[in-house]
Amino acid sequence: MHISEIFNRNPIAYSYELFPPKSKEAAEQLFATISDLSPLELAYVSVTYGAGGSTRNLTHDLVVRIQEETDLPVVSHLTCVGSTRDEIKSILDTYSASGIDNILALRGDPPQGQGPFEPVDGGFRYAAELVEFIRKHQPQMGIGVAGFPEGHPETPNRLHEIDHLKAKVDAGADYICTQLFFDNNEFYDFCERCELAGIRVPIVAGIAPITSVKLLKRMAEVSAGTRFPARLIKAMQRAENEEHQAKVGIHWATEQVRDLIDHNTKGIHLYTLNKSNATRQIYDSLGVTTTRGLV
Ligand code: FAD
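In the numbering used here, the protein residues as written are 735 to 1029.
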């Protein structure tokens, strides 16, 4: 199903993110997660593309398996890292032949320790070029792009940053999914700045339930631009053990989601890290049981 239809059908499109498993056991665990979340009837799931394009085949295989074994619509992430235009074209052809309807088009980052991003010869420098390329070669595809409510580190000029985001939308993106954030005011301000720039596509809020101090530190390593509010850090540090830290983090994320629903946010995307527990608890305590809204 095309992503635009998903947004049209659902007053709020609730979705979640998975990453491709690296072992058979992890794959079974992942499908147990999908099964645990299925009673929620969430609107779609997205599957990441490993840093530096490292999971190219695993991403494709997982997306195809989800399509075959569930009725969940899937968005497949795709990055420009390490691929020429011809390689991207062949990936897109394979996706299309496998019935993949939606792509989250990203620039991607180089593998850790390799310095700033440089495109390969014949590759793309910015995600906007990838969006344009997908629109030309697979015009039927639904396309999402990344947005950064608290800014992307490579663009200190916050006005230019929105111009770059607008370029991705003008190139043909159907929606924006944001980097994770912990302060909803940053998201609401971002949405307003998008509106001022003439960006009219749905903006999906990226929310990460932080279930331990260890995870908080790991997220800070990998989430470019995200600010961790002192109030959240204090609350996590006060918690006596991981069980209590999980309660604090899930409560924080639940309050964020409740507030986003109250603000008529078009989509809410949970970064699940392949686990179902936090997502279940958030939606159970909010009474959200279907894609069609609240009970
Ligand atoms: P771009 O939109 O190309 O932006 C990159 C930088 O270049 C920004 O600072 C932008 O402002 C600047 N820029 C853009 N256009 C111009 C221009 N014309 N002139 C000057 N500067 C410009 N990474 C993965 O490897 N795999 C994933 O699966 C993945 N999934 C993600 C999902 C989401 C929702 C998000 C938010 C990020 C994800 N990432 C993923 C990380 C992402 O690839 C990186 O954050 C990357 O650094 C930025 O990608 P982008 O698509 O926003 O790039």
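The beta carbon of each residue, even a glycine, is placed where N, CA and C say it ideally should be.
So is residue 833 buried or exposed if we call it buried at 16+ other beta carbons inside 10 Å? Along the sequence shown, read from residue 1 onward, the residue named residue 833 stands at position 99. Exposed, because fewer than 16 other Cβ atoms sit within 10 Å of the Cβ of residue 833.
Buried or exposed, going by whether 16 or more other CB atoms sit within 10 Å of the CB of residue 939? Numbered from 1 along the sequence shown, position 205 holds the residue referred to as residue 939. So residue 939 ends up on the buried side.
Residue interval of the beta strand (DSSP E) (run including residue 1003): Stepping through the sequence shown from its first residue, residue 1003 is reached at position 269. Segment 1001 to 1005, the beta strand (DSSP E) holding residue 1003.
How about residue 877 and residue 807: are their beta carbons less than 7 Å apart? Stepping through the sequence shown from its first residue, residue 877 is reached at position 143. Stepping through the sequence shown from its first residue, residue 807 is reached at position 73. It is not a contact, given that the beta carbons lie outside the stated cut-off.
Local Cβ density within 10 Å of residue 963, reported as buried at 16 or more and exposed below that: Within the sequence shown, residue 963 is the residue found at index 229, counting from 1. Per the 10 Å Cβ criterion, exposed.
Span of the beta strand (DSSP E), counted from its first residue to its last, around residue 956: For this step, residue 956 is matched to residue 222 along the sequence shown. Counting along the chain, residue 956 falls outside any beta strand (DSSP E), though it belongs to the alpha helix (DSSP H) covering 947 to 956.
Assign residue 874 to buried or exposed, taking buried as 16 or more other Cβ atoms, counted over all protein chains shown, within 10 Å of its Cβ. Here residue 874 is taken as the residue at index 140 of the sequence shown, counted from 1. Flag for residue 874 reads exposed.
I want to know whether the region 910 to 926 touches the region 951 to 967 - three or more CB-CB distances under 8 Å. yes
Between 785, 831, 798 and 893, which has its C-alpha nearest residue 815's C-alpha? Along the sequence shown, read from residue 1 onward, the residue named residue 815 stands at position 81. Comparing Cα-Cα distances from residue 815 to each of 785, 831, 798 and 893, the minimum goes to 785.
Can you find the residues in the same chain that come closer than 6 Å, C-beta to C-beta, to residue 836, ignoring five residues on each side of it along the sequence? In the sequence shown, residue 836 corresponds to position 102, counting from 1. Taken in chain order, the residues that qualify are 737, 809 and 876.
What did DSSP end up calling residue 1026 once you bin it into helix, strand or coil? As a working note, residue 1026 is residue 292 in the sequence shown. Residue placement at residue 1026 is flagged as unreliable, the pLDDT there being 42, under the threshold of 50; the coordinate-derived value follows with that caveat. It is coil, neither helix nor strand.
When the distance is taken between beta carbons, is residue 933 closer than 7 Å to residue 983? The residue labelled residue 983 in the question sits at position 249 within the sequence shown. The residue labelled residue 933 in the question sits at position 199 within the sequence shown. No.
Within 7 Å, strictly: CB atoms of residue 861 and residue 900: In the sequence shown, the residue the question calls residue 861 occupies position 127. In the sequence shown, the residue the question calls residue 900 occupies position 166. In this structure, residue 900 does not lie closer than 7 Å to residue 861 by Cβ.
Would residue 891 be called buried (16 or more neighbouring beta carbons within 10 Å of its own) or exposed? For the purposes of this step, residue 891 is taken as residue 157 along the sequence shown, with counting starting at 1. Exposed, since its Cβ has fewer than 16 Cβ neighbours within 10 Å.
Using 8 Å for Cβ pairs, my map puts residue 754 next to residue 789. What's the rounded Cβ distance? Taking the sequence shown and counting its residues from 1, the one referred to as residue 754 is at position 20. Taking the sequence shown and counting its residues from 1, the one referred to as residue 789 is at position 55. Confirmed, Cβ separation roughly 5 Å.
Expressed to the nearest angstrom, what Euclidean distance is found between the alpha-carbon atoms of residue 923 and residue 797? Taking the first residue of the sequence shown as 1, we reach residue 923 at position 189. Taking the first residue of the sequence shown as 1, we reach residue 797 at position 63. In a straight line, the C-alpha of residue 923 is about 33 Å away from that of residue 797.
Pop quiz: residue 812 and residue 778 are said to be a contact at Cβ under 8 Å. What is the actual Cβ separation, rounded to whole angstroms? Position 78 of the sequence shown holds residue 812. Position 44 of the sequence shown holds residue 778. Going by Cβ atoms, the distance from residue 812 to residue 778 rounds to 16 Å, so no, they are not a contact pair.
Name, in chain order, the residues that DSSP records as bridge partners for residue 812. For the purposes of this step, residue 812 is taken as the residue at position 78 of the sequence shown. Note: residue 812 sits in a beta bridge opposite 839.
If you compare alpha carbons, which of 937, 971 and 935 is closest to residue 951? Residue 951 sits at position 217 when you count from the first residue of the sequence shown. It is 971 whose Cα lies nearest to the Cα of residue 951.
Take residue 927 and list the residues in its own chain whose beta-carbon comes closer than 6 Å to its own, dropping the five residues that flank it on each side. Locating residue 927 in the sequence shown gives position 193, where the first residue counts as 1. These residues qualify, in order along the chain: 896.
Using the Cα positions of residue 817 and residue 905, report the straight-line distance between them to the nearest angstrom. Here the question's residue 817 lines up with position 83 in the sequence shown. Here the question's residue 905 lines up with position 171 in the sequence shown. Those two C-alpha atoms are separated by around 20 Å.
Residue burial classification, residue 854 (beta-carbon count within 10 angstroms, cutoff 16): On the sequence shown, residue 854 is found 120 positions in, with the first residue counted as 1. The residue is exposed, with fewer than 16 neighbouring Cβ atoms inside 10 Å.
Give the C-beta separation of residue 868 and residue 839 to the nearest angstrom, bearing in mind that I take them to be a contact with Cβ-Cβ under 8 Å. Here residue 868 corresponds to residue number 134 of the sequence shown, with the count starting at 1. Here residue 839 corresponds to residue number 105 of the sequence shown, with the count starting at 1. Right, their Cβ atoms sit about 6 Å apart.
Under the criterion of a Cβ to heavy atom distance below 6 Å, does residue 821 qualify as lining the ligand FAD? Residue numbering aside, residue 821 sits at position 87 when the sequence shown is read from its first letter. The answer is no for residue 821.
Taking the C-alpha atoms as reference points, what is the distance between residue 980 and residue 879? If you number the sequence shown from 1, residue 980 lands on position 246. If you number the sequence shown from 1, residue 879 lands on position 145. Taking the straight line from one Cα to the other gives about 30 Å.
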